[in-house]
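Counting in the working numbering, the sequence shown tops out at residue 249, every number present.
Here's the structure we're looking at; comments come further down.
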Amino acid sequence: MGMFNYIKVEQDLPLNDELKALNIDFKKEEFQTKELEDNVMATYIIRDYRLYELKITSHWENNPDYVKDGSRFGEFFNKNKLVKDSEEEVFRDDYTGTFTFGTYVLGQDKESYDWFPDWKCVVVKGLLTEISLIKPIEKNSSGTRIELDEQFKKELDDHERKMKCPVYSFYFKYYVKTMNLVEWKLSIGINHIIRFLNWLQWNGIRKVIKILTPR
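Here is the structure:
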């Protein structure tokens with residue numbers, strides 16, 4: 035998926051008849067873009083055909099409620115908390131460019147559709163000179179997604195039920211989780227070896243040959 039930036043739209047968007055029929059207040063929806071400057075999870079605002087950036091300054095502090103849980107990836111974010119210092123909306127009159135942004139609207143039953151509309155923006159010195167709906171709009175049947183969600187929930191319920199059994203709980207905690215950890219560490223080690231071999235193939239050997247070759 036990768037990184038992206040957020041877009042908040044505080045004005046009416048161009049819609050076609052299908053989107054209008056959804057009766058969605060798009061001003062309350064969350065939009066994303068990967069085409070507006072560096073993708074660092076920054077927030078931009080479109081209001082009155084102007085582009086703003088939400089500038090936030092913050093710092094990390096120790097989390098007094100931290101309890102070590104053995105999490106592989108989340109320990110830093112559990113042990114520390116991000117504290118906001120200031121927040122300011124800055125009119126981006128220094129920005130000129132074109133970008134697209136989009137969101138999704140999920141259907142509520144298996145007979146409906148999941149919609150993935152995108153819009154195109156042209157900005158000149160912070161002013162929107164064009165904002166248009168990109169056609170055709172991508173849509174997929176909600177049925178497939180709902181069935182997968184139901185299957186996942188069933189598997190999760192089955193797992194939670196099995197975890198009440200001491201035998202299965204011991205097997206999962208001390209075998210499955212251990213093997214996953216071993217697999218993860220091995221994959222990291224293999225990636226390091228591959229990077230070293232790539233360096234050796236394309237840089238290391240060439241440097242040795244260059245040094246040993248008579249001039």
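All residues carry an ideal CB built from backbone N, CA and C; glycine is no exception.
These numbers were taken from a predicted model, which means no experiment stands behind them.
Which whole runs of the alpha helix (DSSP H) in the segment 207-246 are 4 residues long or more, in chain order?
211-233 and 239-246
Is the number of C-beta pairs between the segment 125-143 and the segment 68-85 that are closer than 8 Å three or more?
yes
Our contact map puts Ser176 next to Lys144 with C-beta atoms below 8 Å; I'd like the distance itself, whole angstroms only.
The pair is a contact, with the Cβ atoms about 6 Å apart (cut-off 8 Å).
Please state if the CB of Ile80 and the CB of Val43 are separated by a distance shorter than 8 Å.
Closer than 8 Å, so yes.
Assumed close pair Phe150, Thr67 - CB separation to whole angstroms, cut-off 8 Å:
At roughly 14 Å, the Cβ-Cβ gap does not stay under 8 Å, so Phe150 and Thr67 are not in contact.
Burial state of Ile224, where buried means 16 or more other Cβ atoms lie within 10 Å
exposed
Does the Cβ-Cβ distance between Lys173 and Asp148 come in under 8 Å?
Asp148 sits close to Lys173, with the two beta carbons spaced by under 8 Å.
Check whether the Cβ atoms of Lys100 and Lys113 lie closer than 8 Å to each other.
The sequence as given places Tyr at residue 100; Lys does not occur at that position. It is a contact, given that the beta carbons lie within the stated cut-off.
Where the alpha helix (DSSP H) through Leu88 begins and ends
Note, Leu88: premise wrong, no alpha helix (DSSP H); beta strand (DSSP E) at Arg84 to Asn96.
What residues are listed by DSSP as bridge partners for Lys173?
Trp149
Straight-line Cα distance separating Pro170 from Val157:
23 Å
Within 10 angstroms of its Cβ, does Ile41 collect 16 or more other Cβ (buried), or is it exposed?
buried
The beta strand (DSSP E) with Tyr40 in it runs from where to where?
Asn39 to Val43 is the extent of the beta strand (DSSP E) around Tyr40.
From Ser146, Lys154 and Tyr202, pick the residue whose C-alpha is nearest to that of Thr178; which is it?
Measuring from the Cα of Thr178, the nearest candidate turns out to be Ser146.
List the endpoints of the continuous beta strand (DSSP E) containing Phe125.
First-last of the beta strand (DSSP E) with Phe125: Asn114 to Phe125.
When you compare each of Met37, Leu47 and Asn39 to Leu162 by their alpha carbons, which one comes out closest?
Leu47
Using C-beta distances below 8 Å, list every residue in its chain close to Leu56, excluding the 5 sequence neighbours before and after it, in chain order.
Val139 and Trp149
Counted within 10 angstroms of its Cβ, other Cβ atoms place Phe135 as buried (16 or more) or exposed:
buried
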